[in-house]
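S.K.: The structure follows.
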Amino acid sequence: MRRRLLLSYLSLAALVLLCLEIPLGFVYSRGERERVVTAAKEEADSVSAYASLSISAGRAERELHPRVLMCAERIGGKVLVVDGRGRPLATSHELSARESRDLAARPEIAAALGGRSTADVRTSTIGGVRSLSVAAPVTHGAELQGAVRIIVPTEAVSARVHRVWLLLALAGLAVLTALAAVAFALARWISRPILHLERAARRLAEGSLATPVPTTEGPPEVRSLAATFNQTAARLEHLLASQRAFAGEASHQLKTPLAALRLRLDNLEPDVAGHSRAGLTAAMTETDRLARMVEGLLAMARMEESAGTREPVDLDRVCAERKRAWTPLFEQHGVRLVRRGEFVGQVLAVPGAVEQIVDNLLSNALRASPLAGTVTLELRSAPADRRHHRTPRPARVELHIIDQGPGMTAEQRHRAFDRFWRAPDAPKGGTGLGLSLVQRLTHASGGDTALRPAPDGGLDAVVRLQTATPPRPTATRPTRPAHRGSPEPAHS
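Under the working numbering, the first residue of the sequence shown is numbered 231, with each subsequent residue one higher.
Here it is in structure tokens:
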């Protein structure tokens, strides 16, 4: 930010200086050119008047040559006087025979012999005078007696113009240097508190409560923003502390009475008559459901509190562990749990998220699966986006948990992630929090989740997570090929 502010200040200052100095340099160059041309014309008119008197008095041969030499020495240039036919009468420099013959054909002399004064000025690219020649007619009354041509040296004029351009450039550089120092101090004054705010906001986003930022630096608007940020951070810290306290207290105050209630219901079972056992069983079922709901709410509260830095997680290992843990329960309910797919390596996720995601999805799949059904846990590598990734490894990994239950309609799949929502024909015992917790854990891990209809009926729960390492080659850990019509045996 500091560099951008400094660059904007200096760009604006440089633009203003260019708009001021370039026109000033050209104005000075034009003034110098006009001054030199005017002086040369006056000199030519003076020589022309003297030549007119000398020619009229018949003393041209005796008087013109010393006058021409004196004038050429004074201006440091060249002076030439010709008669009405263009033949030289007096010159301050040597002329060859060819130059003498061609004098009348030169444009400035021809114009002067025609009775017009001319000035041939050639300038350089930055406004300096590169060459200057002036011609004036020599007349006596209405009679044209000849012409005068003066060539003025321009080195001094060009040197003065170049010196002025150099002074303007140095002055602009000095002004820019001074402005750079002032702009740097101003940019630092403005950007320092904003950088403090940025660091504090980054620490706050990472889960660590930021220390208060200074509210006495920078412009008034930035100081007000810093004060507002401190108030927001303090309020957020209070809310998080309250949430932590609530999670701890609710864990003790709710779980303990529910456990005691379940124990009392278990103790009542031998004393309950046969016709009342259905009510007792329903009460025990609802007690278990309430306990699971409390666990889900507490898990969501803890997740929202501590969902922070993502870490690499070995998805293959986690899926293998959860499959081993759930297989006995699946076998107890007459449902088969198999694992398929490739080895995908590590993914990025918040600590403990992948285990909870797999457990909740397997729990839902088990409740929805019919007797002798199959639940498939499959890992796939999502294709890489070649426009954004140069590496050949996939950018994401897909976790699929596919059941053979009744499935859901499109509207039900859309609402399934809402808290406490349950499908009308859902099996008893659910809380409506599992999929909501899965979605929140997936989003906290930088991924996304979706429900799709399974190819053979049922539901396909898909969780996509970002990869952390390239997938391990399948050649080093061979798997048994799946036979058509039967699921692949579970990996151990």
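The C-beta atom is built at its ideal place from N, Cα and C for all residues, glycine as well.
Smallest Cα separation from His-392: which of Val-524, Tyr-258 and Gly-603?
M.R.: Numbered from 1 along the sequence shown, position 162 holds the residue referred to as residue 392. With distances taken between Cα atoms, His-392 lies closest to Tyr-258.
S.K.: Quick one: complete alpha helix (DSSP H) runs, 4+ long, within the segment 261-310?
M.R.: Qualifying alpha helix (DSSP H) stretches, in chain order: 290-305.
S.K.: To the nearest angstrom, how far is it from the Cα of Gly-306 to the Cα of Ala-389?
M.R.: Here residue 306 is taken as the residue at index 76 of the sequence shown, counted from 1. Here residue 389 is taken as the residue at index 159 of the sequence shown, counted from 1. Whole-angstrom Cα-Cα distance: 16 Å.
S.K.: Taking one C-beta from the segment 662-677 and one from the segment 506-517 each time, how about it: are there three or more such pairs within less than 8 Å?
M.R.: The segment 662-677, when compared against the segment 506-517, does not touch it at the 8 Å Cβ threshold.
S.K.: Enumerate in chain order the residues of its own chain whose CB-to-CB distance from Ser-330 is below 8 Å, with the five nearest sequence positions on each side excluded.
M.R.: Looking up residue 330 in the sequence shown gives position 100. Counting only Cβ-Cβ distances below 8 Å, and skipping sequence neighbours, we find Arg-317 and Pro-318.
S.K.: Excluding the 5 residues preceding and the 5 following Thr-468 in the sequence, name in chain order all residues of the same chain whose CB lies nearer than 8 Å to its CB.
M.R.: For the purposes of this step, residue 468 is taken as residue 238 along the sequence shown, with counting starting at 1. Inspection of the sequence shows that residue 468 is occupied by His rather than by Thr. None.
S.K.: From Pro-624 to Leu-247, what does the alpha carbon distance come to, in whole angstroms?
M.R.: Here residue 624 refers to the residue found at position 394 when the sequence shown is read from its first residue. Here residue 247 refers to the residue found at position 17 when the sequence shown is read from its first residue. Here the model assigns Pro-624 a pLDDT of 48, short of 50, so the residue's position is not dependable, and the following value carries that caveat. Spanning the two alpha carbons is a distance of roughly 54 Å.
S.K.: Give me the Cβ distance between Gly-637 and Ala-684, rounded to the nearest whole Å; I'm assuming they're in contact under 8 Å.
M.R.: Position 407 of the sequence shown, counted from the first residue, corresponds to residue 637. Position 454 of the sequence shown, counted from the first residue, corresponds to residue 684. The pair is a contact, with the Cβ atoms about 7 Å apart (cut-off 8 Å).
S.K.: Considering only residues of the segment 625-699, which uninterrupted alpha helix (DSSP H) runs meet the minimum length of 4 residues and lie entirely inside it, listed in chain order?
M.R.: Those alpha helix (DSSP H) runs which fall completely within the segment 625-699 and span 4+ residues are 640-645 and 664-674.
S.K.: If you reduce the DSSP assignment to three classes, tell me which class His-563 lands in.
M.R.: The residue you call residue 563 lines up with position 333 of the sequence shown. If DSSP states are grouped into helix, strand and coil, His-563 belongs with coil.
S.K.: Within 10 angstroms of the Cβ of Val-443, are there 16 or more other Cβ atoms? Answer buried if so, exposed if not.
M.R.: By one-based count along the sequence shown, residue 443 stands at place 213. So Val-443 ends up on the buried side.
S.K.: From what residue to what residue does the beta strand (DSSP E) around Gly-376 run?
M.R.: Stepping through the sequence shown from its first residue, residue 376 is reached at position 146. Taken as a continuous stretch (DSSP letters only), the beta strand (DSSP E) holding Gly-376 covers 373-382.
S.K.: Give the list of continuous beta strand (DSSP E) stretches no shorter than 3 residues that lie fully inside the segment 382-433.
M.R.: For the segment 382-433, not a single whole beta strand (DSSP E) run of length 3 or above is found.
S.K.: Report the three-state DSSP secondary structure of His-468 (helix, strand or coil).
M.R.: As a working mapping, residue 468 is identified with position 238 in the sequence shown. Looking at His-468 - three-state DSSP - the assignment turns out to be helix.
S.K.: From Arg-422, Trp-395, Ala-366 and Ala-244, pick the residue whose C-alpha is nearest to that of Tyr-280; which is it?
M.R.: In the sequence shown, the residue the question calls residue 280 occupies position 50. Ranking Arg-422, Trp-395, Ala-366 and Ala-244 by Cα distance to Tyr-280 puts Ala-366 first.
S.K.: For Ala-598 and Val-605, what's the separation of their Cα atoms in angstroms?
M.R.: Residue 598 sits at position 368 when you count from the first residue of the sequence shown. Residue 605 sits at position 375 when you count from the first residue of the sequence shown. The alpha-carbon atoms of Ala-598 and Val-605 are separated by roughly 10 Å.
S.K.: Are the C-beta atoms of Asp-589 and some chain C residue less than 8 Å apart?
M.R.: Although the question refers to chain C, the structure presented lacks it and comprises just one protein chain.
S.K.: Quick one: what does DSSP say Leu-248 is sitting in, helix, strand or coil?
M.R.: Residue numbering aside, residue 248 sits at position 18 when the sequence shown is read from its first letter. Helix.
S.K.: What does a CB cutoff of less than 8 Å around Val-692 pick up in its chain, not counting 5 residues either side in sequence?
M.R.: Stepping through the sequence shown from its first residue, residue 692 is reached at position 462. So the qualifying residues of the chain are Glu-628, Leu-629, His-630, Thr-679, Ala-680, Leu-681 and Arg-682.
S.K.: Using DSSP with H/G/I as helix, E/B as strand and the rest coil, what is Ser-326?
M.R.: Taking the first residue of the sequence shown as position 1, residue 326 is located at position 96. In the structure shown, Ser-326 sits in coil (DSSP, three-state: anything other than H, G, I, E or B).
S.K.: Taking the continuous beta strand (DSSP E) assigned at Ser-611, which residues delimit it?
M.R.: Translated into the one-based positions of the sequence shown, residue 611 becomes position 381. That run of the beta strand (DSSP E) goes 604-611.
S.K.: Would Pro-558 be called buried (16 or more neighbouring beta carbons within 10 Å of its own) or exposed?
M.R.: One-based indexing of the sequence shown puts residue 558 at position 328. Exposed, because fewer than 16 other Cβ atoms sit within 10 Å of the Cβ of Pro-558.
S.K.: With contact counted as at least three CB pairs below 8 Å, one residue from each stretch, are the segment 396-405 and the segment 289-300 in contact?
M.R.: These segments do not touch.
S.K.: Go ahead and pull the three-state DSSP assignment for Val-452.
M.R.: If you number the sequence shown from 1, residue 452 lands on position 222. Three-state DSSP puts Val-452 in a helix.
S.K.: In the DSSP assignment, what are the bridge partners of Gly-571?
M.R.: Against the sequence shown, residue 571 aligns to sequence position 341. Gly-571 pairs with Leu-609.
S.K.: So, are the CB atoms of Arg-540 and Val-580 less than 8 Å apart?
M.R.: Numbered from 1 along the sequence shown, position 310 holds the residue referred to as residue 540. Numbered from 1 along the sequence shown, position 350 holds the residue referred to as residue 580. Yes, the pair counts as a contact, with Cβ atoms nearer than the cut-off.
S.K.: Could you work out which residue in Val-668, Gly-676 and Tyr-239 is closest to Phe-414 when comparing CA atoms only?
M.R.: What you label residue 414 is simply residue 184 of the sequence shown in a count that begins at 1. Per the Cα distances, Tyr-239.
S.K.: So which of Arg-433, Ala-435 and Phe-459 has the shortest CA-CA distance to Thr-445?
M.R.: Residue mapping note: residue 445 aligns to position 215 of the sequence shown, counting from 1. Out of Arg-433, Ala-435 and Phe-459, Phe-459 has the C-alpha closest to the C-alpha of Thr-445.
S.K.: Going by beta-carbon coordinates alone, are Leu-362 and Val-382 separated by less than 8 Å?
M.R.: Within the sequence shown, numbered from 1, the residue matching residue 362 stands at position 132. Within the sequence shown, numbered from 1, the residue matching residue 382 stands at position 152. Cβ distance < 8 Å, so Leu-362 and Val-382 count as in contact.
S.K.: Where DSSP assigns a beta bridge to Thr-348, which residues make up the other side?
M.R.: The count along the sequence shown starts at 1 and reaches residue 348 at position 118. Beta-bridge pairing links Thr-348 to Ala-365.
S.K.: What separation, rounded to the nearest whole angstrom, lies between the Cα atoms of Ser-278 and Val-368?
M.R.: Counting from one through the sequence shown, the residue named residue 278 turns up at place 48. Counting from one through the sequence shown, the residue named residue 368 turns up at place 138. Cα to Cα, Ser-278 sits roughly 5 Å from Val-368.
S.K.: Got a sec, what are the start and stop residues for the beta strand (DSSP E) Leu-578 sits in?
M.R.: Numbered from its first residue, the sequence shown carries residue 578 at position 348. Note, Leu-578: beta strand (DSSP E), 576-579.
S.K.: Under 7 Å Cβ to Cβ from Val-524, same chain only, skipping five residues before and after it: list those, please.
M.R.: Taking the first residue of the sequence shown as position 1, residue 524 is located at position 294. Cβ neighbours of Val-524 beyond the five flanking positions: Leu-484, Lys-485 and Leu-488.
S.K.: Compute the Euclidean distance between the alpha carbons of Ile-632 and Gly-687, then round it to the nearest angstrom.
M.R.: Translated into positions along the sequence shown, residue 632 becomes position 402. Translated into positions along the sequence shown, residue 687 becomes position 457. Going from the Cα of Ile-632 to the Cα of Gly-687 covers about 9 Å.
S.K.: Under the DSSP definition of a beta bridge, which residues are partnered with Ala-320?
M.R.: Translated into positions along the sequence shown, residue 320 becomes position 90. Bridge partners of Ala-320: Val-311.
S.K.: According to DSSP, what are the bridge partners of His-370?
M.R.: For the purposes of this step, residue 370 is identified with residue 140 of the sequence shown, where counting begins at 1. DSSP lists Glu-373 as partners of His-370.
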